[in-house]
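Some notes on the structure that comes next.
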Amino acid sequence: MSDWIEVGQLNDIPKLGARVVKAPEGDIAVFRTADDKVFALADKCPHKGGQLSQGIVMGNKVACPLHDWKIELDAGTAVAPDEGCTASFPIKMEGETIMLSLTANEGCPNS
Amino acid sequence: MSEKLVVIGNGMAGIRTVEELLKIDPLMYDITVFGAEPYGNYNRIMLSPVLAGEKTIDEIMLNDMQWYEDNKVTLHSGKEVTSIDRVNKKVVADDGTEESYDRLLIATGSDPFIIPVPGNDLDGVIAFRDIKDVDTMIEAAGEHKHAVVIGGGLLGLEAANGLMEQGMSVTVVHLMDKLMERQMDGPAAAMLKESLEERGLHFLMEAATESIIGKDRVEKVRFKDGSEIYADLVVMAVGIKPNIALAKEAGIHCERGIVVNDTLQTYDPSIYSVGECAQHRGIAYGLVAPLFEMAKVCANHLAKMGIGRYEGTMTSTKLKVTGIDLFSAGDFVGDESTDELVFQDKARGVYRKIVVKNNKIEGAVMYGDTIDGTWYFDLMRDGTDISEFRENLLFGQAHLGDSGHGDDNRVALMSDTTEICGCNGVTKGDIVIAINDNKLFTLDEVRAHTKASSSCGSCTGLVESIMSHTLGGDYSTAPHLKPMCGCTDKTHDDVREAINGGELTSVRSVMDTMEWKTEDGCSKCRPAVNYYLVCKHPDKNIDDNQSRFINERAHANIQGDGTYSVIPRMWGGMTTPQELRAVADAAEKFDLDTVHVTGGQRIGLYGVKKDDLPAIWKDLNDAGMVSGHAYGKALRTVKTCVGRDWCRFGTQDSTGIGIKLEQLSWGSWMPHKFKMAASGCPRNCAEATIKDYGVVCVDSGYELHVGGNGGIKVRATDLLCNVDTEEEVLEYSAAYMQMYREEAHYLERTAPWIERVGLNHVKEAIVDNEANRKELAERFKFGQTFMQDDPWEERAKGGESHEFTPLKVIG
Chain A
633 MSDWIEVGQL
643 NDIPKLGARV
653 VKAPEGDIAV
663 FRTADDKVFA
673 LADKCPHKGG
683 QLSQGIVMGN
693 KVACPLHDWK
703 IELDAGTAVA
713 PDEGCTASFP
723 IKMEGETIML
733 SLTANEGCPN
743 S
Chain B
254 MSEKLVVIGN
264 GMAGIRTVEE
274 LLKIDPLMYD
284 ITVFGAEPYG
294 NYNRIMLSPV
304 LAGEKTIDEI
314 MLNDMQWYED
324 NKVTLHSGKE
334 VTSIDRVNKK
344 VVADDGTEES
354 YDRLLIATGS
364 DPFIIPVPGN
374 DLDGVIAFRD
384 IKDVDTMIEA
394 AGEHKHAVVI
404 GGGLLGLEAA
414 NGLMEQGMSV
424 TVVHLMDKLM
434 ERQMDGPAAA
444 MLKESLEERG
454 LHFLMEAATE
464 SIIGKDRVEK
474 VRFKDGSEIY
484 ADLVVMAVGI
494 KPNIALAKEA
504 GIHCERGIVV
514 NDTLQTYDPS
524 IYSVGECAQH
534 RGIAYGLVAP
544 LFEMAKVCAN
554 HLAKMGIGRY
564 EGTMTSTKLK
574 VTGIDLFSAG
584 DFVGDESTDE
594 LVFQDKARGV
604 YRKIVVKNNK
614 IEGAVMYGDT
624 IDGTWYFDLM
634 RDGTDISEFR
644 ENLLFGQAHL
654 GDSGHGDDNR
664 VALMSDTTEI
674 CGCNGVTKGD
684 IVIAINDNKL
694 FTLDEVRAHT
704 KASSSCGSCT
714 GLVESIMSHT
724 LGGDYSTAPH
734 LKPMCGCTDK
744 THDDVREAIN
754 GGELTSVRSV
764 MDTMEWKTED
774 GCSKCRPAVN
784 YYLVCKHPDK
794 NIDDNQSRFI
804 NERAHANIQG
814 DGTYSVIPRM
824 WGGMTTPQEL
834 RAVADAAEKF
844 DLDTVHVTGG
854 QRIGLYGVKK
864 DDLPAIWKDL
874 NDAGMVSGHA
884 YGKALRTVKT
894 CVGRDWCRFG
904 TQDSTGIGIK
914 LEQLSWGSWM
924 PHKFKMAASG
934 CPRNCAEATI
944 KDYGVVCVDS
954 GYELHVGGNG
964 GIKVRATDLL
974 CNVDTEEEVL
984 EYSAAYMQMY
994 REEAHYLERT
1004 APWIERVGLN
1014 HVKEAIVDNE
1024 ANRKELAERF
1034 KFGQTFMQDD
1044 PWEERAKGGE
1054 SHEFTPLKVI
1064 G
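So the sequence lines, in the order shown, correspond to chains A and B.
Numbering of the first sequence is given in our numbering, commencing with residue 633 and proceeding in unit increments.
Numbering of the second sequence is given in our numbering, commencing with residue 254 and proceeding in unit increments.
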């Protein structure tokens, strides 16, 4: 895991918001929570592919803008009773700088 | 070390409370449950279908043994608690098992009432309460012929029907002159009796049992008039009484039931009670529906959250005998102060009676066709003023212009493949399977599992009907005062009132002050709170973008494929060659294949990439066009006809009026989208009578129409009033819009809002009260001075750029 890529500063993302990193493998949504934690998920809801980056962030979850599925920001799993998951990607903060790895975390078969 | 919670009673009320508690905090308590029956928790109301052979015990099991293991709940099944030692805080069971508690929950339910006649302890005399009774009945049906059911109420008839299905010859003995006298009036009870007789049941009415005769086993039943009938099995189903013996012995204050307060706490602060054994505000409920609300509130207090009160439940009943539909709720008898609306068609076997007082439903009883039961029940519970549709009330909801479903509203007859929720493609079969497999009882649970009725909501009534049909009417309807969402117990009106106090100016401060249960709220409450704040404080720059849905954040509609639509405003549906040229140029420049003429008389460009939005907006701005707010809970369009300038029938300048209305109101945020129209004559080519606000020009002036809807549920407008001048049209419309903005709940269109508050309320505020009308209109115009900046222009010039540019492009 040495492929950390600098993608921006914490303040580039609004609190309770998200921005998109365009990568060759597909778009990645980078989220910032109310307490300034940063998470990265494939920008695709496991339901019908909605762009999670466009959803409403709440706690450690995001609500998909298409059909309001709730997805956990850390693991990418859908909140029950919905089932499914979306790939999550490692994030590391160096001070205010957001570092992203394009190697998806293990655990989600969709990744 | 967790505190210890002991639950006495392994039935629906006790376990539901445990489930609610585990949802809030799974680790707070070490939980132990005592159950007298040797099973897990099963759905007691489904015993009748089991007896009738329509379901199996496995199918009605709600929590099997594995569930207790998975949730680390200790279950002492088959052990009956015999005493509560309140001083040392422990309970003792019949086999000597002791458990100490920090908090105790008594959910012992109720006992069947056994009439005190000689012979009531003979073999073959039983009640109808648990699995054991059902087993006894099924066994008896295999060996014997004659069954007598004492009691012609709900339970008795269900038992009788079940025994008959098991092959016995059954006589129902009833003390009163009509069946189910607590739920039915005379005509309905007579129809019920007739159809049960057709199925083969026998009835002895006004028959008082004197004794039950037999050597070891029951042989006959004798009545006070001296007559006798043969009986191999006697089922007592004359009523139930709260099971309070244990609580009473422990010195806990009991009347008919164990007396609890609004938090379900007994007079001993560490002891709670829920379900049929509890008595709340003088009522001990004998039905299952109230326990879902009780469980929720009780769990909340057990979890020491300290919010939520149980304020009683209105109940309705339905008989679980397949093929017989009856429904009753509230006071269906009435008195001299009430009116009765009655519909009876003997040949079709249909009867309905609605008792109305001051234009509100007090009660209803229905037989034969009960599809509208849930609707009447909702109207009754919400205290809805029915004067507007009183003449059609008896014919049901389908006759109120719900063209979406009409006669398909016959859930019982629907095949499993019938689509119920058109938004999410959910069939009747999907819903029934979800209810049975996942043991669902509430509308919210069904929505979460199936998504049915969770999008546009128009099929909510159908889903409720299916629930009531599947669960036998005992499902829990939504509470009377609905909380905004799962994040809070506060209602929309509570939140609004707090915001109107003026102190709260951010979404965060509202959530903090009003003790939200979640950190950041959710996609339901945050947009609502944000709207209420923006509505209250138009002059303060407090709009929270992160609490807006993407469409309003990006000022364009997200499409299924993640691209956006761009729809510029065309004032009153009028456009020019220059505008058309600009739209055409933009479509070509940004490579947009789809150009669509919308229903609101403008042109939509589809397939725009998000990154391109500011650029396309700039091009349109340069041609003098601004945002059409086609994406917002806001003023959408004002549809017009060409009016008297061109049309030989035109009476007024309807096009001009439309343009002025649009200029007045564009940019205003509303609880939901808001559409207007202005027609030049009563031919009404602009379809003004299905808009939120419609103007129909007539020779003498203008008719103002409100509360129409052409979407989910077609609703024609109500006539607000007639006015003489254009100035009045504009003033009334501003006042009306402001009233809607200030009073409607977020995401409530004008049609349901007016149905909820009543047209008279709107007329009083706007038509009858000139001063109030002018104030409303002034408030609207004041707000508009802050709203009428084109959001596209701001962003075309670089505002909110983070919304439209990627954080980073890799590779």
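Idealized CB from N, CA, C, for every residue including glycine.
Buried versus exposed, by CB contacts within 10 Å (16 or more), residue i
i, result
"F1035 (chain B)", "exposed"
"A930 (chain B)", "buried"
"D660 (chain B)", "Reliability of the predicted coordinates at D660 (chain B) is poor, the pLDDT of 37 falling under 50, and the value obtained from them is presented with this limitation in mind. Looking at its Cβ environment, which holds fewer than 16 other Cβ atoms inside 10 Å, D660 (chain B) is exposed."
"G852 (chain B)", "exposed"
"P741 (chain A)", "exposed"
"G559 (chain B)", "exposed"
"S656 (chain B)", "Annotation note: pLDDT 38 at S656 (chain B) (below 50); position unreliable, coordinate value reported separately. Its Cβ having fewer than 16 others within 10 Å, S656 (chain B) is exposed."
"N1069 (chain B)", "An answer regarding residue 1069 (chain B) cannot be provided, because it is not within the stretch 254 to 1064 covered by chain B."
"R779 (chain B)", "buried"
"F630 (chain B)", "buried"
"Q686 (chain A)", "buried"
"S1054 (chain B)", "exposed"
Residues sharing a beta bridge with residue i, DSSP
i, result
"G649 (chain A)", "A:R664"
"V959 (chain B)", "B:Y946, B:D971"
"M571 (chain B)", "According to the sequence displayed, residue 571 (chain B) carries Lys and not Met. Answer is B:F580, bridged to K571 (chain B)."
"T424 (chain B)", "B:V401, B:H455"
"M725 (chain A)", "A:I730"
"Q518 (chain B)", "B:Y525"
"K257 (chain B)", "B:D283"
Host beta strand (DSSP E) of residue i (start-end)
i, result
"R475 (chain B)", "471 to 476"
"D838 (chain B)", "Looking at the DSSP string, D838 (chain B) is not in any beta strand (DSSP E); the run it does join, the alpha helix (DSSP H), is 830 to 842."
"K1050 (chain B)", "No beta strand (DSSP E) contains K1050 (chain B), which DSSP labels as neither H nor E."
"H455 (chain B)", "455 to 457"
"R700 (chain B)", "First-last for R700 (chain B): 696 to 703, but that is the alpha helix (DSSP H), not the beta strand (DSSP E)."
"R605 (chain B)", "603 to 610"
"Q532 (chain B)", "531 to 533"
"P495 (chain B)", "493 to 495"
"F927 (chain B)", "927 to 932"
"K549 (chain B)", "K549 (chain B) -> not in any beta strand (DSSP E); alpha helix (DSSP H) instead, spanning 542 to 555."
For residue i, the first and last residue of its enclosing alpha helix (DSSP H)
i, result
"G682 (chain B)", "681 to 691"
"W636 (chain A)", "Careful: W636 (chain A) lies outside any alpha helix (DSSP H), inside the beta strand (DSSP E) at 636 to 641."
"S721 (chain B)", "713 to 724"
"G1036 (chain B)", "1023 to 1040"
"M764 (chain B)", "760 to 766"
"V787 (chain B)", "778 to 789"
"S918 (chain B)", "907 to 918"
"C900 (chain B)", "C900 (chain B) -> no alpha helix (DSSP H), and no H or E assigned at all."
Cβ-based neighbour list, residue i, same chain, cut-off 7 Å, excluding 5 preceding and 5 following
i, result
"Q650 (chain B)", "D625, W628, G714"
"L972 (chain B)", "E956, H958"
"T904 (chain B)", "R897, G933, C934, C950, V951, D952"
"V1020 (chain B)", "L973, C974"
Residue nearest to residue i in terms of C-alpha spacing, selected from the options
i, options, result
"V402 (chain B)", "B:R605, B:N414, B:E396", "B:N414"
"I673 (chain B)", "B:S718, B:D635, B:G636, B:N691", "B:S718"
"F802 (chain B)", "B:L445, B:F642, B:K886", "B:K886"
"S720 (chain A)", "A:E728, A:D700, A:A712, A:K693", "A:K693"
"H808 (chain B)", "B:F843, B:G826, B:A883, B:K793", "B:A883"
"M923 (chain B)", "B:Q812, B:A997, B:T908", "B:A997"
"R297 (chain B)", "B:F287, B:G288, B:M314, B:P291", "B:M314"
"F580 (chain B)", "B:I511, B:Q436, B:G504", "B:Q436"
"K549 (chain B)", "B:A537, B:G535, B:G539, B:E564", "B:E564"
Spatial neighbours of residue i in its chain, beta-carbon cut-off 6 Å, leaving aside the 5 residues before and after
i, result
"L1029 (chain B)", "A988, Q991, M992"
"A412 (chain B)", "F381, V402, V488, A490"
"E352 (chain B)", "V259, T285, V344"
Proximal residues to residue i (C-beta, below 8 Å), its chain only, five neighbours per side dropped
i, result
"A705 (chain B)", "I673, C674, N677, V679, D683, I684, V699, C712, V716"
"I725 (chain A)", "According to the sequence displayed, residue 725 (chain A) carries Met and not Ile. Cβ within range, chain order: L642, V670, M731."
Cutoff 8 Å: residue i Cβ touching any chain D Cβ
i, result
"L705 (chain A)", "The structure shown contains no chain D; its protein chains are A and B."
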